[in-house]
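To convert, note that position 104 of the sequence shown is 110 in the working numbering; the numbers rise steadily by one, no gaps. Beta carbons: idealized from backbone N, C-alpha and C, even for Gly. It should be emphasised that the depicted structure is a prediction, and the values quoted were computed from it without experimental measurement.
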Amino acid sequence: MSAEWLVDLVPAGRPRRVVYLFPHAGAGVAAVLALGRALGPEPHPVAVRLPGREALLDEAPLTDLPALAARLAPAVRAHADGAEIVLYGHSSGSVLAYETARALGPAGPALLAVSAQQAPGTAVRTADGCWDLPDEEFFAQVVADGYLPAELLDAPDVLEMVAPALRADYRATHEYLTGTAPRTPLAAPILTARGTEDLTVSAADLAAWSALTTGGHTTAALAAGHNLLRDCPEELAAALRQALP
7 MSAEWLVDLV PAGRPRRVVY LFPHAGAGVA AVLALGRALG PEPHPVAVRL
57 PGREALLDEA PLTDLPALAA RLAPAVRAHA DGAEIVLYGH SSGSVLAYET
107 ARALGPAGPA LLAVSAQQAP GTAVRTADGC WDLPDEEFFA QVVADGYLPA
157 ELLDAPDVLE MVAPALRADY RATHEYLTGT APRTPLAAPI LTARGTEDLT
207 VSAADLAAWS ALTTGGHTTA ALAAGHNLLR DCPEELAAAL RQALP
């Protein structure tokens with residue numbers, strides 16, 4: 007995998023902890039930059055940037071989430087270089103962060119933090135095949151899900167650029183969530199965060215993450231909508247820090 011998949015958001019030293027930030031569908035470094043700056047320098051923040059976006063725009067997006075996590079896990083461990091690993095995912099990025107935590111094995115992360123995402127194993131609300139809808143319908147769905155601001159519907163050049171990664175992420179997440187592979191609970195504790203004004207994910211959706219850990223489950227309710235990365239990065243950073251073991 008390319009070294010550009012993992013992007014240090016502040017100057018790298020020899021941190022005690024490294025937090026890897028998984029953005030929502032179709033997004034890259036820009037989506038987690040404010041959170042990373044709010045977290046750094048300790049824990050040291052690193053953005054996860056997947057093919058098909060930003061500097062990797064010319065690379066084909068990937069749609070096999072377990073295979074993707076299997077590639078990310080050793081890269082994350084090598085990048086951490088002995089530092090304690092923390093994983094955070096927002097929305098669909100939560101699912102990839104969770105699967106990466108599983109791929110890290112018994113010596114997994116010290117903490118998995120997720121926000122604004124249903125737990126694997128719960129009912130899936132995204133319609134099967136929505137990623138194949140015509141542009142107008144697909145982007146309307148993306149805006150309704152909170153992944154893009156409505157004003158981007160009037161920016162066709164931007165939408166054309168982000169469409170492949172968005173469609174790939176929607177497909178990968180849906181196929182993973184509707185799959186039947188067993189999901190062994192993590193030993194790491196899980197923090198779940200949700201905006202109190204989020205209309206797409208309920209408190210019950212986040213409570214279901216408790217079944218995916220034997221290490222304890224804590225929650226954080228923030229005064230925001232679905233997009234916590236955009237609306238309250240400082241508050242989200244504070245919740246992450248408080249949950250660190």
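DSSP lists HIS96, ALA199 as the bridge partner or partners of SER121.
Selection PRO49, PRO72, ALA103, SER98 evaluated against ALA86 yields PRO49 as nearest (Cα-Cα).
Going by beta carbons, LEU15 and VAL52 fall inside the 8 Å limit. The beta carbon of THR69 sits closer than 6 Å to the beta carbons of ALA174, ARG177, ALA178 from its chain, once the five residues preceding and following it are set aside; these are given in chain order. Assigned with DSSP and collapsed to three states, VAL16 falls in coil, not helix or strand.
In this structure, VAL120 is the residue among VAL120, ALA107, LEU45 with its C-alpha nearest to the C-alpha of ALA199. For ALA31, the three-state secondary structure derived from DSSP is coil. A direct Cα-Cα distance of roughly 9 Å separates VAL101 from GLN124. Judged by beta-carbon spacing, LEU93 lies within the 8 Å limit of ALA103, meaning their Cβ atoms are closer than that value. For VAL54, the enclosing beta strand (DSSP E) begins and ends at 50–54.
Secondary structure note for HIS180: its alpha helix (DSSP H) is the uninterrupted segment 162–183. The Cβ-Cβ distance between LEU41 and LEU27 falls below 8 Å. Within the same chain, and ignoring the five residues on either side of ALA18 in sequence, the residues whose Cβ sits closer than 7 Å to its Cβ are HIS50. Here DSSP, grouped into helix, strand and coil, assigns HIS232 to coil. The way I'd put it, the stretch 160–168 doesn't touch the stretch 240–250; fewer than three beta-carbon pairs between them come closer than 8 Å. ALA227 has ARG200 as its beta-bridge partners, per DSSP.
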